[in-house]
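Asks:
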Amino acid sequence: MKMIITKLRSEGKIVLPIASSGITALLLPNGRSAHSWFHIPLKITAESSFEIKHGTHLAELLCKTSLIIWDEAPMANKYCFEALDWSLRDIFQMRYENSIDKPFGGLTIVLGGDFRQILSVVPKGGKVDIIEASLNSSYLWEHCNVFKLNQNMQLSAGSPGSQAEYISSFDKWLLQIGDGLFYDNPDKELIRIPYKCIVTS
1 MKMIITKLRS EGKIVLPIAS SGITALLLPN GRSAHSWFHI PLKITAESSF EIKHGTHLAE
61 LLCKTSLIIW DEAPMANKYC FEALDWSLRD IFQMRYENSI DKPFGGLTIV LGGDFRQILS
121 VVPKGGKVDI IEASLNSSYL WEHCNVFKLN QNMQLSAGSP GSQAEYISSF DKWLLQIGDG
181 LFYDNPDKEL IRIPYKCIVT S
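Here you go:
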């Protein structure tokens, strides 16, 4: 993410790095949370929209923006992306031809994140409700090109031999859990955490 941001900014282009959580936003260069940028309502529904009015500073900034990067996207409810989609279509239709018919008004959006991690929280919702609220259940998903990153660069960077091997095995263990392949009982309810990962209090 940082490399993409740095590259485009070095070319004089405007990139808006945002994230679904404030903590993640702090890890991005000049990042802000999506709620901070777009004033996302606390209770978002299919009818929700972002109050981005024509002629405002934010509307003008979005018209000049080359790329929006939204990190930890799976954490946000699909209605957040759909509200952004219709808001951008509305803003851009006055300036760009056919933008009303294009996802996000034709603006390129990079969505980062891992669906094996934290998904959108649905109060009192079950598994079906959580899946329905996920980004990949949105009408926008069919317009997304999915790229999978298979190597964890942060874990392996600069580690000596034995430590690199341990990190590699830990990385594989995490992926097995995420893919639902690592359980200690046939009911797939219990996972044994390696002793080395346990911190006593």
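For the sequence shown, UniProt numbering assigns the number 1 to the initial residue and increments by one for each residue that follows. In this text, a Cβ means the ideal position worked out from N, Cα and C, and glycines have one as well.
Between the C-alpha atoms of residue 43 and residue 112, what's the straight-line distance to the nearest angstrom?
Replies: Computed Cα separation, rounded: 23 Å.
Asks: Quick check on this structure: which residue in 127, 175, 66, 197 has the alpha carbon closest to the alpha carbon of residue 10?
Replies: The residue with the shortest Cα to Cα distance from residue 10 is 66.
Asks: Would you mind working out which of 170, 20, 179 sits nearest residue 77, comparing C-alpha positions?
Replies: Checked all of 170, 20, 179; the closest Cα to residue 77 is 20.
Asks: From what residue to what residue does the beta strand (DSSP E) around residue 16 run?
Replies: Counting along the chain, the beta strand (DSSP E) containing residue 16 begins and ends at 14-19.
Asks: Under three-state DSSP, which class holds residue 71?
Replies: In this structure, residue 71 counts as strand in the three-state DSSP scheme.
Asks: What is the DSSP secondary structure of residue 169, counted as helix, strand or coil?
Replies: If DSSP states are grouped into helix, strand and coil, residue 169 belongs with the helices.
Asks: Do residue 135 and residue 71 have their CB atoms nearer than 8 Å?
Replies: The answer is no: Cβ separation not under 8 Å.
Asks: Can you list, in chain order, the residues of its chain whose CB lies under 7 Å from that of residue 79, leaving out five sequence neighbours each side?
Replies: Taken in chain order, the residues that qualify are 44, 45, 46, 48.
Asks: Buried or exposed for residue 26, please, with buried defined as at least 16 other CB atoms from any protein chain shown within 10 angstroms of its CB.
Replies: Classification for residue 26: exposed.
Asks: With a cut-off of 8 Å, does the C-beta of residue 58 fall near any C-beta of chain C?
Replies: The structure shown contains no chain C; it holds only a single protein chain.
Asks: Excluding sequence positions up to five away, which residues of its chain have a Cβ less than 7 Å from the Cβ of residue 235?
Replies: Here the chain comprises residues numbered 1 to 201, so residue 235 is not present and cannot be evaluated.
Asks: According to DSSP, what are the bridge partners of residue 33?
Replies: Paired residue(s): 19.
Asks: What do you reckon, are the CB atoms on residue 68 and residue 18 nearer than 8 Å?
Replies: Taking 8 Å as the Cβ cut-off, residue 68 and residue 18 qualify as a contacting pair.
Asks: Output needed for residue 110: all residues of its chain with C-beta closer than 8 Å, excluding positions within five of it in sequence on either side, in chain order.
Replies: So the qualifying residues of the chain are 1, 4, 67, 68, 69, 70.
Asks: Quick one, which of 34, 33, 122, 196 has its alpha-carbon nearest residue 163's?
Replies: Out of 34, 33, 122, 196, 196 has the C-alpha closest to the C-alpha of residue 163.
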